[in-house]
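Peer 1:
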Amino acid sequence: MKAIIDHIGIAVSDLEASLAFFRDALGLELEAPEEIASQRVRAHFLAAGEATFELLEATADDSPIAKFVAKRGPGLHHVALRVDDIVAALAELKGRGVRLIDETPRPGAHHSLVAFLHPASTHGVLVELKQLP
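For what it's worth, my numbering labels the leading residue of the sequence shown as 872, then goes sequentially.
Structure representation (structure tokens):
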């Protein structure tokens, strides 16, 4: 398996302030937002070379991002790595003893498939695997 950086997920509590930095101060191009209803989140992607920043805005008080911000405050949420075959990647990682949050892929932004790896197995970093459609 070979993985490359797809995006860096950042949980935000004040979208406009975050955009003032990432879009306005840094000059990153903002894509149209995408609702991910299953996670109760709105994703705002900003192109940064080959990878993107994903600003994650909670759309409900009980969403994983709202809970994250309430507990830890806004900031780095996850690192997403793109893989060619997410099912094979999950099987390989599980075989290596990596703890998986998602045993099977689920729908993600941009019509992709995603799965998360538990930070206990990734040196404290929430890692998302992503397979493009």
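Here a beta-carbon is modelled for each residue, glycine too, at the ideal position from N, C-alpha and C.
(1) Are there 16 or more other CB atoms within 10 angstroms of the CB of Ile957, so buried, or fewer, so exposed?
(2) Okay, do the stretch 932-950 and the stretch 967-980 touch, 3+ Cβ pairs below 8 Å being the bar?
(3) Is the Cβ-Cβ distance between Ile936 and Ala891 less than 8 Å?
(4) Within the chosen definition, does the stretch 892-902 reach the stretch 912-926 through at least 3 CB pairs nearer than 8 Å?
(5) Are Leu927 and Gly995 touching if we call contact CB-CB under 8 Å?
(6) Would Leu899 and Val954 qualify as a contact pair, given that the criterion is a beta-carbon distance under 8 Å?
(7) When you compare each of Ile875, Ser889 and Ile876 to Pro945 by their alpha carbons, which one comes out closest?
Peer 2: Concretely, from the data shown:
(1) buried
(2) no
(3) no
(4) yes
(5) no
(6) Pairing Leu899 with Val954 gives a Cβ-Cβ distance that is not under 8 Å.
(7) Ser889
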